[in-house]
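For the sequence shown, the working numbering begins at 1 and goes up steadily by one.
Quick reminder that beta carbons are idealized off the backbone N, C-alpha and C, glycines included.
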Amino acid sequence: MEMASLSTNSTFLNKNVVSLSDLSPLYKFPTQNPRRRFSKKIVSVITQPSSRMPATTGSVKSWMTMTEKLLAKNSEKLHVVPGENLWVNVDVLMTHDISGPGAIGVFKREFGDNAKVWDREKVVVIPDHYIFTADERANRNVDTLRDFCNGQNIKYFYDIKDLGNFQANPDYKGVCHIALAQEGHCRPGEVLVGTDSHTCTAGAFGQFASGIGNTDAGFVLGTGKILLKVPPTIRFVLDGEIPNYILAKDLILQVIGEISVAGATYKTMEFVGTAVESLTMEERMTLCNMVIEAGGKNGVIPADKTTYDYLKDKTTVHYEPVYGDEKARFFAEYHFDISKLEPLVAKPHSPDNRALARECKDVEIDRVYIGSCTGGKTEDFMAAAKVFVASGKKVKVPTFLVPATQKVWMDLYTLPVPESGGKTCSQIFEDAGCDTPASPSCGACMGGPRDTHARLNEPQVCVSTTNRNFPGRMGHKEGQIYLASPYTAAASALTGHVTDPREFLQ
């Protein structure tokens, strides 16, 4: 293999190997590229040679990546290659209140008003986006889901009827991507598609998971199949011990900042390495959740003991894990030394507008939002509580808390936070002056109706644990959203400006 050294703004794919040295220091990138000015030398990028290794029999043996194997398995093929179009059998289809009515409309139009779905036990319907609102059109969407699911006898419909008290709805769960995992619908070796771009979250379980449109979803409802093009795979090797002030949100912001919001367009983002192996399932979900913010078709992490332990009490469905071949070829390979990573934010108005949190200390903020499929899991709130306990102070700006699911909400009131003297998250949040944890839903992550809890109805500056910071994403089109980890969000709430959490954690 040839070796070549390149400047950081050069094209690397015309060579087999490009070495860009270490991560440190992260804040001295050349000024001519403003999105990378804080990063000096970050990754090694490798593209494999195009030649194939001969098998011992003398015939040509083509090795496959994990995603290629997943799609080959569910298309009943022995071998597939990137760019190949396949009819893939779907194991689980998920839809929710925003896209569900549209997908149902397509299904009825194409298959008939009296048609039945291909498998009532493989369709999962989760109202979660615009739930706790007086908006009649939003309420009508949930009614549409209910009528369809009752008519189809859908087994997994997580309904909500009493909007005044979410606890009065035992079937209601909350944010679809977290509920899918908690209810055992995410399983290694399977294909899961959903009418939401962050369906890629489920790739953390070692499965192919991707968002699809309403037309495709309508077809899946009727046939259980979907036409997919096999994506090439970019491999991200994350090694090193993760510092105690870094979370998975920092890892994915680093990756997106490095490759840009278009850097993985229609590609698999596969995550491996010692740092990935050390992550909990919820942190792995955060990592895969935001691959769509880099344009990725899907994100995937090989299943291991952590995966199996998480699933023990969540599913009785038999599953068969799939792993890539050791000699599989990748479109590119990036290496990161996570031990040198510092807390990051994504400044307005793009998830790849990466910056060090400490470099934004002069940015005054109006509020903090902790929630969503990205940052509203139990461990996310535990992380925020850890910062509040370490500081012993009260927040200086309104701090909104929106648990992803009913289970997360219960955890906030029942699980003790380590090193807090037995206090729960809810007690710690109350002591710190935070807003009372809200009803579980997607909340203000996607803006929603004007009466949505914590929606940005004014042109304010918000530090948020969500996934997107485009103009208008959380409501007001002139709002300024800084994407951050729960550590950084909590630290910023305590100071009233964007704050590196090391001020309280070291």
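- The bridge partners DSSP lists for H497 are E364.
- Under the three-pair Cβ rule at 8 Å, the segment 102-121 does not count as touching the segment 240-255.
- Taking the CA atoms as reference points, A491 sits about 25 Å from E293.
- The alpha-carbon of R284 is positioned some 16 Å away from that of F336.
- C-alpha of A432 to C-alpha of S464: approximately 18 Å in a straight line.
- In the three-state DSSP reduction, M94 falls in the strand class (E or B).
- F504 sits close to A390, with the two beta carbons spaced by under 7 Å.
- Under the Cβ criterion (8 Å, minimum of three pairs), the segment 163-172 does not count as touching the segment 291-305.
- Between the alpha carbons of E478 and I365 lies a gap of roughly 14 Å.
- Here P486 carries a helix assignment [DSSP, helix/strand/coil].
- In this structure, DSSP gives V191 an extended state, which the three-state scheme calls strand.
- In this model, R140 and L253 are separated by some 36 Å (Cα to Cα).
- Excluding its 5 nearest sequence neighbours in each direction, C288 has C-beta neighbours in its own chain below 6 Å: C200, T201, G203, A204, G299, listed in chain order.
- With a cutoff of 7 Å on beta-carbon distance, P82 and V230 are scored as near each other.
- For T316, the closest alpha carbon among the candidates C186, N214, L279 is that of C186.
- Taking the CA atoms as reference points, Y323 sits about 8 Å from L70.
- Of the residues N214, Y319, V125, the one whose Cα lies closest to the Cα of N74 is Y319.
- Annotation for I256: the continuous alpha helix (DSSP H) segment containing it runs 248-259.
- Within a 10 Å sphere around the beta-carbon of Q506 sit fewer than 16 other beta-carbons, which makes this residue exposed.
- The C-beta distance from Q207 to P232 rounds to 19 Å, too long to meet the 8 Å contact threshold.
- As DSSP reads the structure, N89 sits in a beta bridge with K225.
- Assignment of beta strand (DSSP E) within the segment 416-487, counting only whole runs of 3 or more residues, yields 461-464, 480-484 in chain order.
- Between R473 and G422, the alpha-carbon positions lie close to 37 Å from each other.
- M269 is bridged by DSSP to I234, G299.
- Rounded to whole angstroms, the separation of the alpha carbons of E270 and G371 is 25 Å.
- If you draw a straight line from the Cα of D325 to the Cα of I259, it comes to about 25 Å.
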